[in-house]
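Enquirer: Could you have a look at this structure, given as structure tokens, before my questions?
Residue numbers (full-length UniProt numbering): 1 to 259.
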């Protein structure tokens with residue numbers, strides 16, 4: 001199916017005071033033939049007043065999940081992506097490509113999205129991650145084109161670029177209201193929302209060399225861990241359960257890989 005016959009929307013998340021990034025990705029998307037796109041004005045978490053923050057953010061659940069408070073940048077990031085999901089659900093598009101404004105895209109992105117259109121247009125909640133994956137199953141590979149496969153994802157963390165359909169967008173809005181999960185906590189989203197999350201091997205999108213203030217905030221926040229009982233249970237499940245299954249089952253029988 002020619003890309004002109006594939007109807008989907010493109011959203012670029014951009015802070016109001018980062019217009020240079022917007023100009024850069026606009027030129028980039030034009031080169032890889034992914035236009036037009038819509039701009040999602042990102043939520044600046046540092047601009048949220050305390051009363052608004054209390055209504056939008058579930059601090060206790062966040063601490064139970066990651067062992068610390070989310071940074072204001074992480075809260076703003078999650079709200080920004082949820083804003084994009086709302087736009088998709090309100091539109092007539094079956095699915096959307098969601099990008100952050102510091103994304104770098106391979107020239108093959110357009111062709112892979114064209115070939116993934118039928119899968120993404122399904123009624124089941126589906127997400128296709130286009131960024132590097134922490135772990136995935138090599139034996140699950142299904143060809144998307146001559147050089148890229150769709151694969152089952154075990155672990156991943158990035159929201160720089162991914163495709164999401166209407167059903168998945170609706171599910172994530174419900175799951176993360178108020179905010180209790182980070183925007184890129186795909187493992188938790190799959191657990192709570194019953195999503196079908198796939199990835200692309202080799203990956204197509206990564207973060208450009210632009211420095212990320214969000215990651216700097218995260219590094220400082222990790223120092224101040226608050227290890228609640230529920231957090232310890234989550235870590236026990238992840239560190240023992242998931243890793244044990246990965247090494248005893250996924251790795252020998254399903255060709256466990258990572259990017």
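Don't be surprised by glycine CBs; every beta carbon is placed ideally from N, CA and C. Keep in mind it's a predicted model, so treat the numbers as computed, not measured.
Tell me, which residues are paired with residue 142 by DSSP?
Expert: Start at 1 with the first residue of the chain shown, and residue 142 comes out as number 142. Residue 142 is bridged to 150.
Enquirer: Can residue 128 and residue 9 be called in contact, C-beta distance under 8 Å?
Expert: As a position in the chain shown, residue 128 is number 128, starting the count at 1. As a position in the chain shown, residue 9 is number 9, starting the count at 1. 8 Å or more divides the Cβ of residue 128 from the Cβ of residue 9.
Enquirer: Would residue 109 pass as a contact of residue 130 if the rule is Cβ separation under 8 Å?
Expert: Counting from one through the chain shown, the residue named residue 109 turns up at place 109. Counting from one through the chain shown, the residue named residue 130 turns up at place 130. Yes, Cβ-Cβ distance for residue 109 and residue 130 is below 8 Å.
Enquirer: Should residue 194 go down as buried or exposed, given a rule of 16 or more other Cβ atoms within 10 Å for buried?
Expert: To locate residue 194, count along the chain shown from 1; it is residue 194. Burial call: exposed.
Enquirer: Let me know if residue 235 comes out buried or exposed under the rule of 16 or more other beta-carbons within 10 Å of its beta-carbon.
Expert: On the chain shown, position 235 is the one that residue 235 refers to. Classification of residue 235: exposed, given that the 10 Å Cβ count is below 16.
Enquirer: Taking the alpha-carbon of residue 188 as reference, which of 198, 205, 176 has the nearest alpha-carbon?
Expert: By 1-based counting over the chain shown, the position of residue 188 is 188. Among 198, 205, 176, the Cα nearest to that of residue 188 belongs to 176.
Enquirer: Is it right to say residue 55 is buried, meaning 16 or more other beta carbons lie within 10 angstroms of its own, or is it exposed?
Expert: Along the chain shown, read from residue 1 onward, the residue named residue 55 stands at position 55. When all chains shown are included, residue 55 counts as exposed.
Enquirer: Taking DSSP as the reference, what is the three-state secondary structure of residue 109?
Expert: Taking the chain shown and counting its residues from 1, one reaches residue 109 at position 109. The answer is helix: DSSP assigns residue 109 an H, G or I state.
Enquirer: Taking Cβ to Cβ, would you say residue 44 is nearer than 8 Å to residue 76?
Expert: Walking along the chain shown from the start, residue 44 turns up at place 44. Walking along the chain shown from the start, residue 76 turns up at place 76. For residue 44 and residue 76, yes; Cβs fall inside 8 Å.
Enquirer: For residue 205, count neighbouring Cβ atoms within 10 angstroms of its own Cβ and tell me buried if that reaches 16, exposed if not.
Expert: Numbered from 1 along the chain shown, position 205 holds the residue referred to as residue 205. Counting Cβ neighbours within 10 Å, residue 205 comes out buried, since at least 16 surround it.
Enquirer: In angstroms with no decimal places, state the Cα-to-Cα distance between residue 184 and residue 141.
Expert: If you number the chain shown from 1, residue 184 lands on position 184. If you number the chain shown from 1, residue 141 lands on position 141. So the two alpha carbons sit approximately 23 Å from each other.
Enquirer: What does the alpha-carbon distance come out to for the pair residue 243 and residue 36?
Expert: One-based indexing of the chain shown puts residue 243 at position 243. One-based indexing of the chain shown puts residue 36 at position 36. Taking the straight line from one Cα to the other gives about 42 Å.
Enquirer: Less than 8 Å between the C-beta atoms of residue 58 and residue 230, yes or no?
Expert: Here residue 58 refers to the residue found at position 58 of the chain shown. Here residue 230 refers to the residue found at position 230 of the chain shown. Going by C-beta atoms, residue 58 is not nearer than 8 Å to residue 230.
Enquirer: Between 69, 93, 148, 135, which has its C-alpha nearest residue 122's C-alpha?
Expert: Residue 122 sits at position 122 when you count from the first residue of the chain shown. Checking every option, the nearest Cα to that of residue 122 belongs to 93.
Enquirer: Suppose the cutoff is 6 Å on Cβ atoms and the five residues either side in sequence are ignored; what does the same chain contact list for residue 62 look like?
Expert: Your numbering for residue 62 matches position 62 in the chain shown. Once the five neighbours on either side are set aside, the close Cβ partners of residue 62 are 70, 180.
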